[in-house]
Amino acid sequence: MKKILYGTTALVAVGAFAATGSQAAEPIQVSVGGYFQTAFVFVDYDNDAGRRSRTLQREAEIIFGGSTTLDNGLQVGVQVQLEAETCGDQIDESFVFLAGNWGRVNIGSENSAAYLMAVASPAPSYWAFGLNSPNISITGNFPHTNPVNLSGDSEKITYFTPRFSGFQFGVSYTPDNCEESGCGGTYSGSEFDTFADGTTGDIFEVGVNYTGKWDAIEIQASGSYGQGDDEGVGNEPEEWSAGLNVTFAGFTVGGAFHQAESAANTDTTDWNVGVRYAMGPWGVGIQYAQFEIEPAAGGDRDVKAVEVGGSYTLGPGVVLFGGIQYWDGDNGVTIATEETWAGFVGTHFAF
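Structure, rendered in structure tokens:
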């Protein structure tokens, strides 16, 4: 899911339920929903390296989910997300959860607490097309800013506390940094993986966020940390990030900072800031991001980017959006530093 379902509801207090028995009031009823986000993109490269300058990019999922509340008040549920199109793993995330007045537990293939609870600057156009999007890179060359994300969608167990005075905490444990499609020649969903396959394991990721309102000012803030055990000859990967958003009179101003050290001893520092104004169906914004990537073998990369964009809500679940991005830096494809312009216009359907 990476983005919009529990990624946003993690900022909401876990529902309060008592837990004293085990008899189900009724079976789980599964419903179907999802979203489809697509855009036509035009890119002008300094160094095109034989690449086309026009494409259609999209991010879409069909989501099956449901829950029930047992007679004792315990809530249990399941969610399975299917990619609308994929060249690899058809299933994005799939997990079950338990919730009560003690908090919530996710078990399965899902993002970590550090990732789901992260706050970043608002995307000017729409979430999948911002400079901090985990889904789409319009240029295909440059990196995007990220929260802590050592384990991705790998099989894990995550616990979220209830929200106290605006604060919520979460922690995730991931035995192997791989998904059900396989790790080291075995399948993480049904078999034990060896610890000599050069992957990362024993990953712990923690997150905390705050959401509150002071008079007419709304505040969202987050902090997260992750560390894993590299089971080869590399370093122990480590990441941390922090973010803040403030909303007042239709304006949202925010930013995020992230640092990471990979098992290959590559140091990455990235940050993003932005402001977006929304009034009625209209929204416009601007976002800036900067990246510094320092591989152990040298060849440092410095990248700067800015996006200006907007959106218009045509009706319930239907949004038209568009924007322009400018990138300047080492693209990691050609040796030369390049400037890249990109424009896009698209739609988002939620159902």
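For the sequence shown, the positions run -24 to -1, 1 to 327 when mature numbering (1 follows the signal peptide of the UniProt record, and there is no 0) is used. By construction, the Cβ of each residue, glycine as well, lies at the ideal position given by its N, Cα and C atoms.
Hey, out of the options, whose CA is closest to residue i's CA?
i, options, result
"Gln55", "Thr62, Asp304, Ile83 and Arg28", "Ile83"
"Val321", "Ala94, Val6 and Gly106", "Gly106"
"Gly49", "Gln33, Ala218, Glu131 and Trp78", "Trp78"
"Ser200", "Ser7, Met93, Leu290 and Pro213", "Met93"
"Lys132", "Val222, Asn211 and Val147", "Val147"
"Gln266", "Arg277, Asn211, Pro257 and Val260", "Arg277"
"Phe18", "Ala273, Val81 and Ser113", "Ser113"
"Gln196", "Thr187, Pro151 and Gly202", "Thr187"
"Gly219", "Leu58, Leu32, Ala96 and Gly76", "Ala96"
"Tyr288", "Val260, Glu270, Ile269 and Ala281", "Val260"
"Glu194", "Gly230, Asp20 and Asp304", "Gly230"
"Thr176", "Lys189, Asn153 and Asp191", "Asn153"
Which of the three DSSP states, helix, strand or coil, is assigned to residue i?
i, result
"Phe327", "coil"
"Leu290", "strand"
"Leu92", "helix"
"Trp103", "helix"
"Ser124", "One point to set straight first is that residue 124 is Val, not Ser, in the sequence displayed. It is coil, neither helix nor strand."
"Ile114", "coil"
"Asn185", "strand"
"Ile4", "coil"
"Ala218", "strand"
"Thr223", "strand"
"Gly319", "strand"
"Glu314", "strand"
"Trp78", "coil"
"Leu32", "strand"
"Asn248", "strand"
"Gln66", "coil"
"Ser97", "coil"
"Ile133", "strand"
Ignore the nearest five residues each way along the sequence and tell me which others in residue i's own chain have a CB closer than 7 Å to its CB.
i, result
"Ser(-3)", "Here Ser(-3) scores only 44 on pLDDT, less than 50, and its place in the model should not be relied on; the value that follows carries that caveat. Correct list, in chain order: Leu46 and Asn48."
"Tyr135", "Gly79, Val81, Gly146 and Val147"
"Asp129", "Asp68, Glu69, Ser85, Glu86, Asn87 and Glu155"
"Asp306", "Arg277, Asp278, Val279 and Thr313"
Counting only the same chain and skipping the five closest in sequence on each side, list residues whose C-beta sits under 6 Å from that of residue i.
i, result
"Glu237", "Glu214 and Asp243"
Please work out which residues of its chain come closer than 8 Å, Cβ to Cβ, to residue i, disregarding the five sequence neighbours upstream and downstream, and give them in chain order.
i, result
"Thr121", "Ala96, Leu107, Asn108, Ala232, His234, Asp246, Trp247, Asn248, Ala265 and Phe267"
ask   = Taking one C-beta from the region 36 to 48 and one from the region 7 to 14 each time, how about it: are there three or more such pairs within less than 8 Å?
value = Contact holds: three or more Cβ-Cβ distances are below 8 Å.
Exercise. Flag this pair as touching only if the region 65 to 73 and the region 222 to 234 have three or more C-beta atom pairs under 8 Å; answer yes or no.
Key: Touching, no.
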